[in-house]
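Residue numbers (the working numbering), protein chains in the order written: chain A, 1 to 695; chain B, 1 to 695.
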């Protein structure tokens with residue numbers, strides 16, 4: 001048992017502890033099961049895991065004198081000193097060296113423990129297991145040992161704030177206007193998209209509440225996505241996303257209306273910022289930041305009105321935006337843990353093959369932005385078993401193909417696109433996954449000796465070659481979209497695999513983003529695909545995230561400025577107060593509200609709509625880490641055709657501020673060693689030394 | 001999705017349904033966590049699993065008219081008709097053909113559902129999944145499908161008896177005598193071992209209760225195994241096993257004392273019975289039956305005072321005894337499900353390698369006695385993954401060796417015996433396990449096409465040969481106990497595997513019982529090992545179960561009669577009112593109470609002590625199924641040196657009665673086709689036809 005009390009690392013203050021990941025998995029079930037569809041609960045269609053119901057917490061102590069401890073547990077517990085069970089209510093540890101063990105059982109919420117004494121405190125230096133495997137022979141001698149891991153914890157630092165009582169913060173908001181639609185029928189407007197709990201005071205009788213992200217939705221009681229029928233015994237609406245609320249009380253009454261706006265707190269002094277010479281772009285940044293704040297909750301949520309689940313493909317974009325906005329690393333870790341759940345793996349994450357691959361990539365991104373190797377270590381065993389699942393489903397040639405129970409997402413598209421067979425896009429994501437496993441194995445194999453990078457490296461290299469051989473067209477200067485089974489066809493046998501000649505932006509931009517394309521291929525792809533008007537356009541902000549990043553990598557910030565103003569600016573001109581799930585500029589009026597065959601099915605506040613946060617932080621302010629956790633970083637500012645830009649980017653423990661106009665660049669950073677790179681200039685940035693260079 | 005409403009199979013009456021096994025896993029946690037050690041809770045040291053927190057129940061219906069249903073759920077639920085979510089409180093299904101789906105979420109207790117209508121009833125014809133995997137594309141079209149299995153159910157047939165409210169039955173018992181030990185200190189004797197809840201009326205102040213299976217234990221407040229300190233706020237003792245109760249109330253008072261005896265109900269008309277010309281043997285049978293009744297609870301329990309957990313090696317004997325006593329097949333299934341728990345497998349069952357192997361064997365036994373192939377089908381996926389675990393830990397030669405975190409139990413022994421290295425005993429159990437997998441694969445592969453017997457058959461045959469080659473000694477006419485790593489030794493390299501020359505009864509008797517030894521080997525083993533006084537004696541009733549069975553197979557019932565009277569009769573002469581965990585005839589007085597280095601550590605009511613039930617039913621009355629579920633059976637009665645025997649054995653839906661003296665045998669059976677076999681006579685038994693033959 002790897003027991004060593006690393007006192008100091010975990011700090012001296014006591015905090016609630018649990019089995020790592022279990023708080024998130026339990027909270028995730030509450031979170032995901034809050035989704036409703038016109039009043040009916042709507043849980044996810046994938047396996048919801050649960051916490052380990054009985055766990056043992058343990059530590060070693062060395063006491064100079066007897067010590068009295070306060071013991072709080074969520075669940076029934078026992079307490080053993082040096083392996084000997086103590087009578088209930090024992091709270092005195094005799095002086096000397098001792099091993100303390102607490103076994104806690106709780107079916108409903110994660111077993112959790114809080115110990116506070118003069119020197120003894122629960123914190124992340126404690127160890128925890130779900131099976132101690134210690135058995136007693138007929139002579140009373142103990143044998144065996146289970147696998148212990150470092151205890152999970154966060155900021156539950158008081159005995160009276162156990163993890164099961166966690167909730168976000170709230171503040172009251174009032175509607176900004178109201179409109180009498182008919183007798184006993186009022187429409188309230190909260191001025192912009194909000195999230196929280198409607199509160200009607202002095203309710204009597206029956207009151208019907210219809211919520212809308214749009215005025216049209218709130219007034220369409222037959223088709224709006226969320227509603228509440230308030231009646232005696234059911235007076236407390238659940239949390240909802242809305243701007244408008246339509247309240248009908250033909251058989252009831254109420255006095256006043258307001259709402260508890262619910263939000264994840266953040267530190268404004270440790271937040272990203274952006275301003276530039278273009279007011280529309282400033283408004284885009286502000287609305288994107290508000291979209292991010294609305295979707296940053298217990299976990300990163302996709303859309304706050306309808307979906308309300310954690311989605312890995314959406315989340316990886318939220319993480320990346322978050323590194324340029326609030327740097328809420330706890331929310332990143334929570335979401336990654338929650339998405340992964342537990343073994344056995346019975347489906348891809350969210351049942352979507354691409355989303356499994358993004359999950360791996362998100363751990364690498366997290367490490368690069370935070371430098372937190374402890375989290376990689378925590379996740380490693382679950383990375384291995386998820387990777388085993390992936391590899392157990394690859395084809396004989398090592399390629400990932402959708403099985404009948406897999407969802408292949410790629411993107412919502414409006415043109416015919418193959419999603420079955422062997423997609424180039426999925427192979428590139430799998431290649432990145434294998435490379436991520438290789439890198440992470442090397443990161444953790446100091447403490448996890450069986451973490452073997454070589455098996456993943458070999459597969460990654462093989463796949464890289466295979467993708468280029470299979471999909472790259474020297475004639476088209478592009479990666480083809482798919483190979484698939486030939487139908488009965490003149491030149492092919494039925495069942496034979498043939499390359500489909502379709503070309504889409506998806507594999508081609510990921511070939512650039514994930515390092516498959518070499519420099520020459522990159523230049524060719526930009527011309528033949530990314531800037532080619534004959535290739536079908538991307539219509540979701542989801543994939544526009546990657547499309548704009550590709551353009552930035554190619555140095556086309558000026559074009560990106562135009563596209564942001566056209567696309568995100570377009571949403572603003574349509575009245576958006578947060579950014580949408582999908583936007584088709586050619587649509588008009590209520591067409592913008594419809595999706596999934598439903599008149600208000602589209603989410604008007606979708607995390608993936610906030611990508612300008614990321615683009616402006618990383619490719620205009622130009623800040624990114626070059627060693628994990630900003631130990632080293634670079635700043636490559638780019639005006640993108642604007643007069644001036646200025647802003648700041650949070651780092652693990654500080655900030656990097658950048659301002660630029662056509663004559664000067666100024667940078668100031670509070671931690672790490674950076675390089676300011678503009679044109680041919682490359683100047684070293686020292687902490688707390690403001691650096692200005694002329695252009 | 002294999003949906004077909006097999007109406008009729010599941011009956012017309014509604015009953016609560018859940019995900020199969022989840023009720024047992026949840027109940028098992030409550031059961032196993034009730035163990036206490038001097039007031040402290042004492043959970044198991046292996047992983048405790050939990051139910052799936054969100055499951056979907058579904059069925060197809062064909063309605064001639066609209067139908068109103070009553071919906072009861074344990075947990076939050078939603079309801080969809082033909083995949084369309086319905087508003088809360090929907091309870092009318094329109095006429096026609098429909099697919100009904102209910103998704104239920106419950107963290108604390110298993111999600112369960114009860115539907116009752118004119119024609120629609122929840123029962124085992126419904127299907128259930130923990131992930132429906134049905135996703136909706138951007139056009140609102142549903143895709144995908146999860147894996148559905150038949151819903152679990154039992155006898156919760158009323159909307160007001162949900163599974164989470166299950167409890168055993170109770171009746172009041174009073175002490176048979178009391179003894180004033182001192183002022184405010186009384187010792188009560190309940191006359192024999194009992195199990196349940198002590199009840200003190202009109203409690204005031206503080207009352208200390210010390211329980212004892214013996215008078216000595218109850219009076220030894222410092223060392224008794226179980227106790228209660230009753231005080232304001234804690235007035236309800238948990239369930240305890242005891243005969244004596246010592247109550248001290250120096251600072252408190254009470255008026256009256258009694259107990260709620262708690263028991264699993266059984267049907268006396270469907271129970272085994274045994275009487276013979278020897279009164280002591282009759283008392284042994286009665287006390288063994290009472291021992292079984294005390295240990296047959298929510299699950300088959302090992303010892304009711306101290307251990308109070310489910311243990312696979314103990315349970316397989318309880319199952320076999322139960323087939324000759326109460327034929328409580330539900331308790332067998334519950335225990336098998338609970339012991340297995342869920343994937344991933346992280347340890348052997350109870351952490352003990354032999355106990356994993358017994359778990360497999362117990363499914364084969366269950367099938368042979370009940371003919372219930374549906375249960376084999378239910379368990380098959382978990383048999384496969386547990387087998388995968390076993391095979392992942394075998395040596396390069398295919399043999400099972402204990403890993404550092406495995407407990408190798410075999411038996412509690414009082415002589416030096418190797419439990420590490422490669423034990424012949426464990427290989428024989430593994431061989432039987434592989435044969436069980438072969439048989440069960442063939443049983444289920446009509447509905448589970450990928451159940452492949454051949455891979456297990458090949459391994460079983462290879463292992464059979466290897467055991468004989470490795471462990472059988474033609475010189476000793478016995479199987480050696482172990483091969484192990486050679487220490488630095490004259491004739492061996494360090495690290496070389498060498499056969500240890502120790503001979504024990506364990507592998508030799510299992511070679512006979514599990515069909516490894518051929519007829520010649522069997523005769524040789526009987527002489528060289530089983531009847532050889534130089535081979536160390538077995539001292540636990542646990543392994544005496546198998547020892548006596550071996551003697552019976554060899555036709556030595558007369559010797560077994562003597563041994564039962566000596567060993568079990570010996571316990572009775574020591575005052576046993578239920579049979580013990582271990583008995584060493586040479587010990588005296590309170591030596592009989594001690595074990596595990598504790599003065600009252602020994603369990604005086606241990607299921608494995610009840611083996612005469614099995615021996616007398618199977619080898620004296622001589623009844624056993626020869627086709628699954630007593631479709632065919634044989635009766636080979638044996639007087640075992642007694643004047644006369646008579647009794648009955650329960651079968652799935654009836655009884656077989658046998659009586660025998662030195663002149664006649666009479667048999668009557670209510671189902672199946674049997675053969676009465678005595679000496680050279682072999683006579684066919686027809687249902688409900690009493691058959692008498694002369695000897």
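All C-beta atoms in this analysis are idealised placements derived from N, C-alpha and C, irrespective of residue type, glycine included.
- Going by beta carbons, residue 43 (chain A) and residue 103 (chain B) fall inside the 8 Å limit.
- Per DSSP, reduced to three states, the secondary structure at residue 598 (chain A) is strand.
- Here residue 50 (chain A) is buried. Its C-beta has 16 or more other C-beta atoms within 10 Å.
- Against residue 136 (chain B), the close residues of chain A are 596, in the order they occur along the chain (beta-carbon pairs closer than 8 Å).
- With a cut-off of 8 Å on Cβ pairs, the region 239-254 of chain B is in contact with the region 211-222 of chain B, counting three or more such pairs.
- Here residue 17 (chain A) has 57, 112, 113, 114, 122, 123, 124, 126, 128, 151, 152 and 153 as same chain residues with Cβ atoms under 8 Å from its own Cβ, once five neighbours each way along the sequence are excluded.
- When B:442, B:465 and B:435 are compared, the shortest CA-CA separation from residue 457 (chain B) is found for B:435.
- Between residue 574 (chain B) and residue 606 (chain B), the gap from beta carbon to beta carbon reaches 8 Å or more.
- Around the beta carbon of residue 650 (chain B), a 10 Å sphere encloses 16 or more other beta carbons of the protein chains shown; the residue is thus reported as buried.
- Counting along the chain, residue 147 (chain A) sits inside no alpha helix (DSSP H), nor does DSSP assign it H or E at all.
- Interface residue (Cβ-Cβ distance to chain A less than 8 Å): residue 87 (chain B) is classified as such.
- The three-state secondary structure of residue 628 (chain A), taken from DSSP, is helix.
- With its beta carbon less than 8 Å from one in chain B, residue 133 (chain A) belongs to the interface.
- Closest by C-alpha distance to residue 589 (chain A), out of A:214, A:207, A:61 and A:419, is A:214.
- With three or more CB-CB distances shorter than 8 Å, the region 336-355 of chain A counts as touching the region 368-385 of chain A.
- Between residue 410 (chain B) and residue 506 (chain B) the beta-carbon gap is near 6 Å, inside 8 Å, which marks them as a contact.
- Residue contact check for residue 165 (chain A) against chain B: no CB pair falls below 8 Å.
- Within chain B, no residue has its CB atom less than 9 Å from the CB of residue 623 (chain A), the nearest being about 35 Å off.
- Not one beta carbon of chain A lies nearer than 8 Å to the beta carbon of residue 311 (chain B).
- Rounded to whole angstroms, the Cβ separation of residue 375 (chain B) and residue 432 (chain B) is 19 Å, and the two are not in contact under 8 Å.
- Interface with chain B (8 Å Cβ-Cβ cutoff): residue 78 (chain A) is included.
- Under the DSSP definition of a beta bridge, residue 58 (chain B) partners with B:101 and B:127.
- Taken in chain order, the complete beta strand (DSSP E) segments of 3 residues or longer contained in the region 12-93 of chain B are 54-63, 70-74 and 76-81.
- Residue 368 (chain B) and residue 625 (chain B) do touch by the CB rule: their CB atoms are close to 6 Å apart, below 8 Å.
- Cβ atoms of residue 695 (chain A) and residue 278 (chain A) stay farther apart than 8 Å, at about 20 Å.
- For the region 54-65 of chain A, the beta-carbon criterion of a distance under 7 Å to any beta-carbon of chain B is satisfied by 54.
- Contacts between residue 38 (chain B) and chain A, judged by CB atoms closer than 8 Å, involve 85 and 87 in chain order.
- Taking the C-beta atoms as reference points, residue 75 (chain A) is found nearer than 8 Å to residue 106 (chain A).
- Per the Cβ contact rule, the region 388-405 of chain A is in contact with the region 346-354 of chain A (3 or more Cβ pairs under 8 Å).
- Here residue 298 (chain B) is buried. Its C-beta has 16 or more other C-beta atoms within 10 Å.
- No Cβ of chain A is located within less than 8 Å of the beta carbon of residue 18 (chain B).
- With the criterion set as a beta carbon lying under 9 Å from some beta carbon of chain B, the members of the region 330-352 of chain A are 342, 343, 344, 346, 347, 350, 351 and 352, in sequence order.
- Around the beta carbon of residue 415 (chain B), fewer than 16 other beta carbons lie within 10 angstroms, which makes this residue exposed.
- Residues of the same chain with a CB within less than 8 Å of the CB of residue 227 (chain B), apart from the 5 flanking positions on each side, are 38, 39, 208, 209, 210, 211 and 221 in chain order.
- Residue 211 (chain A) is outside the set of residues whose beta carbon lies under 8 Å from a beta carbon in chain B.
- Between residue 14 (chain B) and the set B:72, B:542 and B:34, the nearest pair of CA atoms involves B:72.
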